[in-house]
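Notes for the one structure printed next.
Number of protein chains: 2
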Amino acid sequence: MKISELSTATDVPVATLKYYLREDLLPAGEQLSRTSAAYGEEHVERVRLIRALTSVGGLSVATTRRVLEVITQPGAGRVDVLGAAQRALLGEDAVVVPPCVDREVPPSRARSWLTDMGWQVHPLDPVIDDLDAAWDACEAAGLGLDEERMTAYADGVLRIARADVDSVPQDPAAAVRQVVLGTVLVDPVLAPLRRLAQQHLTVGEGG
Amino acid sequence: MKISELSTATDVPVATLKYYLREDLLPAGEQLSRTSAAYGEEHVERVRLIRALTSVGGLSVATTRRVLEVITQPGAGRVDVLGAAQRALLGEDAVVVPPCVDREVPPSRARSWLTDMGWQVHPLDPVIDDLDAAWDACEAAGLGLDEERMTAYADGVLRIARADVDSVPQDPAAAVRQVVLGTVLVDPVLAPLRRLAQQHLTVGEGG
DNA sequence: CAATACTGGAGACCACCACTATCCAGAACA
DNA sequence: TGTTCTGGATAGTGGTGGTCTCCAGTATTG
Chain A
9 MKISELSTAT
19 DVPVATLKYY
29 LREDLLPAGE
39 QLSRTSAAYG
49 EEHVERVRLI
59 RALTSVGGLS
69 VATTRRVLEV
79 ITQPGAGRVD
89 VLGAAQRALL
99 GEDAVVVPPC
109 VDREVPPSRA
119 RSWLTDMGWQ
129 VHPLDPVIDD
139 LDAAWDACEA
149 AGLGLDEERM
159 TAYADGVLRI
169 ARADVDSVPQ
179 DPAAAVRQVV
189 LGTVLVDPVL
199 APLRRLAQQH
209 LTVGEGG
Chain B
9 MKISELSTAT
19 DVPVATLKYY
29 LREDLLPAGE
39 QLSRTSAAYG
49 EEHVERVRLI
59 RALTSVGGLS
69 VATTRRVLEV
79 ITQPGAGRVD
89 VLGAAQRALL
99 GEDAVVVPPC
109 VDREVPPSRA
119 RSWLTDMGWQ
129 VHPLDPVIDD
139 LDAAWDACEA
149 AGLGLDEERM
159 TAYADGVLRI
169 ARADVDSVPQ
179 DPAAAVRQVV
189 LGTVLVDPVL
199 APLRRLAQQH
209 LTVGEGG
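Protein chains in written order, with this note's numbering: chain A, 9 to 215; chain B, 9 to 215.
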């Protein structure tokens, strides 16, 4: 498959494919001669994956590169599946502190709320800071988001997460792939789903 | 309050405040003389709202302007709360087709799935296309997202949406504000919440 | 009073990002 | 033989979210 065929197969311009090659998102094809290379079905899949991550997932090219590295490399085993996902999605300098290390835990509303909920999560996980920032933003915007509503959200999210973890395959490499892609690509599914659910409930009430 | 004080109060550079004034995100202060104006507490709140929408909500300046218009103007009444939210968040040329108008409904997996679920939603709502695109992206990325898992997601999302609609106030203007801000700002709360729930469930299993 | 700091307004400028366009010598195909 | 295509390199584009600089004029401070 020539690059122009790869282009028509994926509906991505040749110039863009060259850009992906340059940026190390796409591995080089099999070099047939100095001015020709052959691409295979794995390149088609890779391009589709890149487009899914960048367009729907909203990932930058740099983040996409990290994600592709993580889900392509033979992983270090399932122990660190969630950690690998985090490292791929956060900055490359993000080191997830192992639970054994004692470090000052900054107090925050999210942290204390999680404790109240009895959720067993890593107290230094940066995702808690994301939650804090989002919660603060709601307050700053004047959107009342009290703990009662958060608890209702937690109930719904737990069911979603249950479906997530139940769908993770046994094979470590496949598990990493599933978790990473699920983290990136499922949020854009849930967002419209939530709006449709709101609409369904509102219509049902006759309001 | 001078612009420099507004700057320190909100921790936003003066140049950026001027930019927001230019872009009509921030209303002009009370003109005291030709070279001085007074800003009030409402400007502080407005700036915080702008920052929440752009940073956490990830909205562009143009979309933020539309959102601010919608939640500031005295609304046309509660009838159209969800419609107003959609119009604010989608392109300005997005016209939500009224349900009475018969138009060709393009078939799609999301649409048929919604029918199977018995959800009463507007069949031409563009948010269904968003769902389709996100679902397709999962497929393209090789992430198996079968209807069983979608149904589990729907269960969780329904509980979230229940909390959403229960928290909408009676007053029409407040309702519009609540719905629009909830649409934009709650998704970034749910995303980290989902990751934490995954972590909690995984740790609980000892895996 | 004078020196300094600050104001609103305007336009130019900037960095970043994801492409996109152009050019090239050489190879493949018709 | 001529047209099309290749990989590689470099430069340019359009959009976005600010940031810088300048200005005449006003407020504050010593």
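Backbone N, C-alpha and C fix where the C-beta goes; we use that ideal spot for every residue, glycine too.
{"Asked": "Identified DSSP bridge partners for A46 of chain B", "Found": "B:E38"}
{"Asked": "C-beta neighbour in chain A for L139 of chain B, strict 8 Å", "Found": "yes"}
{"Asked": "Pair within 8 Å by beta-carbon distance, P200 of chain B and L139 of chain A", "Found": "yes"}
{"Asked": "Nonlocal neighbours in the same chain, by C-beta distance under 8 Å from E100 of chain A, ignoring five residues either side", "Found": "In this prediction, E100 of chain A has a pLDDT of 47, which is less than 50 and means its spatial position is unreliable; what the coordinates show is noted afterwards. R74, listed in sequence order."}
{"Asked": "Own chain, CB closer than 6 Å to Y47 of chain B, minus 5 neighbours either side, in chain order", "Found": "M9, L14, G37"}
{"Asked": "Where the alpha helix (DSSP H) through W143 of chain B begins and ends", "Found": "134-148"}
{"Asked": "Reduced DSSP category for W121 of chain B - H, G, I as helix; E, B as strand; rest coil", "Found": "helix"}
{"Asked": "Cβ pair V52 of chain A, T18 of chain A closer than 8 Å", "Found": "yes"}
{"Asked": "Extent of the continuous alpha helix (DSSP H) to which P180 of chain B belongs", "Found": "180-193"}
{"Asked": "G48 of chain B: contacting residues in chain A (beta-carbon distance under 8 Å)", "Found": "The premise fails here: G48 of chain B is roughly 15 Å from chain A at the closest Cβ pair, so nothing lies under 8 Å."}
{"Asked": "L204 of chain A in three-state terms, based on DSSP", "Found": "helix"}
{"Asked": "Which of helix, strand or coil DSSP assigns to V52 of chain A", "Found": "helix"}
{"Asked": "DSSP state of L8 of chain B mapped onto helix, strand, coil", "Found": "A query on residue 8 of chain B cannot be resolved here, the shown segment of chain B reaching from 9 to 215 and no further."}
{"Asked": "Rounded separation between G215 of chain B and R170 of chain A - CA only", "Found": "For G215 of chain B, the predicted structure reports a pLDDT of 46, less than 50, and the residue's modelled location is therefore unreliable. The matter cannot be settled from this model."}
{"Asked": "Endpoints, alpha helix (DSSP H) assigned at M158 of chain B", "Found": "155-174"}
{"Asked": "Alpha helix (DSSP H) segment containing V69 of chain A, residue limits", "Found": "69-80"}
{"Asked": "Identity of the residue in B:S12, B:V192, B:P115, B:E156 nearest L76 of chain B by Cα", "Found": "B:V192"}
{"Asked": "Per-residue DSSP class, three states only, for E13 of chain B", "Found": "helix"}
{"Asked": "Chain B residues whose Cβ lies nearer than 9 Å to that of Q186 of chain A", "Found": "L151, G152"}
{"Asked": "Cβ-based burial, T72 of chain A [other Cβ within 10 Å; buried from 16]", "Found": "buried"}
{"Asked": "Secondary structure of V113 of chain B, DSSP reduced to three states", "Found": "coil"}
{"Asked": "R117 of chain A at chain B interface by Cβ criterion, 8 Å", "Found": "no"}
{"Asked": "Spatial distance of A102 of chain A from L61 of chain B (CA atoms)", "Found": "Low confidence applies to A102 of chain A: its pLDDT is 48, below 50, so where it sits in the model is not reliable, and the reading given next is rough at best. So the alpha carbons of these two residues sit roughly 26 Å apart."}
{"Asked": "Where R157 of chain A falls, given that 16 or more other Cβ within 10 Å makes a residue buried", "Found": "buried"}
{"Asked": "8 Å Cβ shell around P196 of chain B - same chain, five flanking residues per side excluded", "Found": "V64, G65, G66"}
{"Asked": "Other residues of its chain near L29 of chain B: CB distance less than 7 Å, five sequence neighbours each side excluded", "Found": "A36"}
{"Asked": "Collapsed DSSP secondary structure at T126 of chain B in the structure displayed", "Found": "Thr is not the amino acid found at residue 126 of chain B; the sequence shown has Gly there. If DSSP states are grouped into helix, strand and coil, G126 of chain B belongs with coil."}
{"Asked": "Residue closest to V173 of chain A, alpha-carbon to alpha-carbon, out of B:I168, B:Y161, B:A145, B:Q206", "Found": "B:Q206"}
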